[in-house]
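Contents: one structure, followed by commentary.
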Amino acid sequence: MSPPMIIIAGTISFDPAKREALETGFAAMQAETLQEAGCGSYEIYNSRTEAGTVLIFEKWESEEALAAHMVSPHMAAFGGVMGAIGITGIDINKYSGATEGPLR
């Protein structure tokens, strides 16, 4: 098993006509974020049932790494993308103390 980690998971709902803007903005954000110390995973996935919804999944090694990410320049820039895509809902949660190991 790995040491405890922070998991961020949830959904963002937005105007489906703005999907390309979200994907372009997220690609830039993801490239920068994956280079951050303590980032183990940073992904979005399109919902198969709701056209204007993406699922967010992140893994962080520590609260400190996540806190540094939250005040990074690329996080601030992505805030502008979020403002431009017609957000209709955000439901993102933090799970702390998780350990990782094979599902058996």
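Counted the way the numbering used here counts, the sequence shown spans residues 185 to 288. All C-beta atoms, glycine included, are put in the ideal place defined by N, C-alpha and C.
Quick one: complete beta strand (DSSP E) runs, 3+ long, within the segment 228-257?
237-244
Could you tell me whether any Cβ in chain D is nearer than 8 Å to the Cβ of L206?
Absence of chain D from the displayed structure is noted, only one protein chain being present.
Between T210 and F262, what straight-line distance do the alpha-carbon atoms span, to the nearest angstrom?
Strictly speaking, residue 210 in this sequence is Phe, with Thr absent from that position. When rounded, the distance between both Cα atoms is 7 Å.
Starting from P282, follow its DSSP beta bridges and name the residues at the other end.
The sequence as given places Ala at residue 282; Pro does not occur at that position. Answer is M189, bridged to A282.
Can you give the Cα-Cα distance for H258 and T217, rounded to whole angstroms?
8 Å
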